[in-house]
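Engineer: Following this message is one structure expressed as structure tokens.
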Amino acid sequence: LTAALARRHGLVDDSSTTAWRWIHGENDDLPGLVLDRYEDTLVIKLYSGAWYPHLGDVIAAAQEVLPSQRILLRCARRVSPPAGAPGDGDLLVGSQFEGTLTYLERGLTMSADVRRGNKTGAFLDQRDNRMLVAAACHGARVLDVFTATGGFALAAAAGGARSVHLVDISQPAIDVAKANIEQNRNIAAVRRCEIIARQGDAFDVMESLAASGEQF
39 LTAALARRHG LVDDSSTTAW RWIHGENDDL PGLVLDRYED TLVIKLYSGA
89 WYPHLGDVIA AAQEVLPSQR ILLRCARRVS PPAGAPGDGD LLVGSQFEGT
139 LTYLERGLTM SADVRRGNKT GAFLDQRDNR MLVAAACHGA RVLDVFTATG
189 GFALAAAAGG ARSVHLVDIS QPAIDVAKAN IEQNRNIAAV RRCEIIARQG
239 DAFDVMESLA ASGEQF
């Protein structure tokens, strides 16, 4: 954990980014384990039940290296907790809370439901890809399929996109994505960007858009 934190030292001290991935599973020699840090909340994601016997050690080590106000457990669908053990969405350390947290990514304000949302609430491992999208979108019409929490859509808008079309099969996901964009309307580029949201299967929507001659 200490070695992984050292590799991300630039993020720990960056006030414009307050949520980041601490442990990237096998890339940090800890296969099946992901740790995401949102402000002062740590979310542990288990992709293998083999981590359950070591969960106490992970918590203790994490608190020693980088203390958190609360620690939450998330489990992949295929991971079933042993009898009496904490499960997906359970709080391991700290006081109870609703589950939605607000954080910064490169100065953009985002919210995520870390208790019930996909993965650990947001796709923090895609931060650098969102930066690349922002750099490539000035003046463009952008199509963001599988929008989830709208991270890529927001990055495109902040990068100067003329319009961003959000597509997701989940209406709650679209609502979260739109809310994340709205709370950044104080940024001129985001304020100027037209946001169009469409609920539906991404492949069906893309087929429909192509048939109607839409280009992005």
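The sequence shown maps to residues 39 to 254 in the numbering used here.
All residues carry an ideal CB built from backbone N, CA and C; glycine is no exception.
Note that this is a predicted model, so its numbers are computed, not measured.
#1: When the Cα atoms are used, what is the spatial distance from glutamate 102 to aspartate 182?
#2: So what does DSSP say about arginine 229, is it helix, strand or coil?
#3: Taking just the CA atoms, how far does histidine 47 sit from histidine 62?
#4: Just verifying my parser: in three-state terms, what is the DSSP assignment at isoleucine 212?
#5: Who does aspartate 182 pair with in a DSSP beta bridge?
#6: Residue ranges of each beta strand (DSSP E) run of no fewer than 3 residues wholly in the stretch 101-140, ordered along the chain?
#7: Are the stretch 231-245 and the stretch 144-161 touching by the rule of at least three beta carbon pairs closer than 8 Å?
#8: Tell me which residue opens and which closes the beta strand (DSSP E) that alanine 150 is part of.
#9: Does the stretch 207-219 come within contact of the stretch 168-179, defined as at least 3 CB pairs closer than 8 Å?
#10: Check the DSSP bridge columns for glutamine 237 and list the partner residues they point to.
#11: Only counting the same chain, and skipping five residues up and downstream in sequence, which positions put a Cβ closer than 6 Å to that of alanine 194?
#12: Taking leucine 170 as part of the alpha helix (DSSP H), name the residues at either end of that continuous run.
#13: By Cβ distance below 7 Å, which residues in the same chain neighbour isoleucine 97 in space, the five residues on each side in sequence not counted?
#14: Which term fits asparagine 218, buried or exposed, when burial requires 16 or more other beta carbons within 10 angstroms of its beta carbon?
#15: Would you kindly report the start and end of the unbroken beta strand (DSSP E) that includes alanine 88?
#16: Can you check DSSP and say which residues form a bridge with isoleucine 61?
#17: Within 10 angstroms of its Cβ, does glutamate 143 collect 16 or more other Cβ (buried), or is it exposed?
#18: Skipping 5 residues on each side, what residues in its chain have a beta carbon closer than 8 Å to that of serine 106?
Structural biologist: Judging by the given coordinates:
#1: Between the C-alpha atoms of glutamate 102 and aspartate 182 there is a straight-line separation of about 40 Å.
#2: DSSP places arginine 229 in helix when its eight states are reduced to three.
#3: 15 Å
#4: helix
#5: DSSP output for aspartate 182 lists Leu204 as bridge partner(s).
#6: 108-113 and 129-131
#7: Counting Cβ pairs under 8 Å, fewer than three are found: no touch.
#8: 146-151
#9: Flag = no, the stretch 207-219 and the stretch 168-179 do not touch.
#10: Asp206
#11: Val171, Cys175, Val180 and Val202
#12: 165-174
#13: Ile109, Leu130 and Val131
#14: It counts as buried.
#15: That residue, alanine 88, is in no beta strand (DSSP E); it is neither H nor E in DSSP.
#16: Leu73
#17: buried
#18: Arg75, Asp78, Thr79, Leu80, Ala100, Val131 and Gly132
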